[in-house]
Amino acid sequence: MTLEKQVTIYKALSDGNRLQIIRMLKDGERCACQMLEDLNITQPT
Numbered sequence: 004m005t006l007e008k009q010v011t012i013y014k015a016l017s018d019g020n021r022l023q024i025i026r027m028l029k030d031g032e033r034c035a036c037q038m039l040e041d042l043n044i045t046q047p048t
């Protein structure tokens, strides 16, 4: 893996919500509406 690709991945994982989403999805599919509720965020328009 290139350094640029690694930097991109680490930047994505540095966001708390993105990391929580990855953790939620590791066990299988989840409804986006449920994840939004669990993260206490709203869906963008």
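Residue numbering for the sequence shown is 4 to 48, as defined by the numbering used here.
Ideal Cβ positions, reconstructed from N, Cα and C, are used throughout, including at glycine.
Because the structure is a prediction, the values reported are computed rather than measured.
Cβ-Cβ separation, residue j to residue i (assumed contact under 8 Å), whole Å
i, j, result
"leucine 42", "glutamine 23", "6 Å"
"methionine 27", "arginine 33", "5 Å"
Residue i versus residue j - alpha carbon distance
i, j, result
"glutamate 40", "glutamine 46", "10 Å"
"methionine 38", "aspartate 18", "15 Å"
"lysine 8", "lysine 29", "21 Å"
Chain C within 8 Å of residue i, Cβ atoms only
i, result
"isoleucine 12", "Note that chain C does not occur in the displayed structure, where there is just one protein chain."
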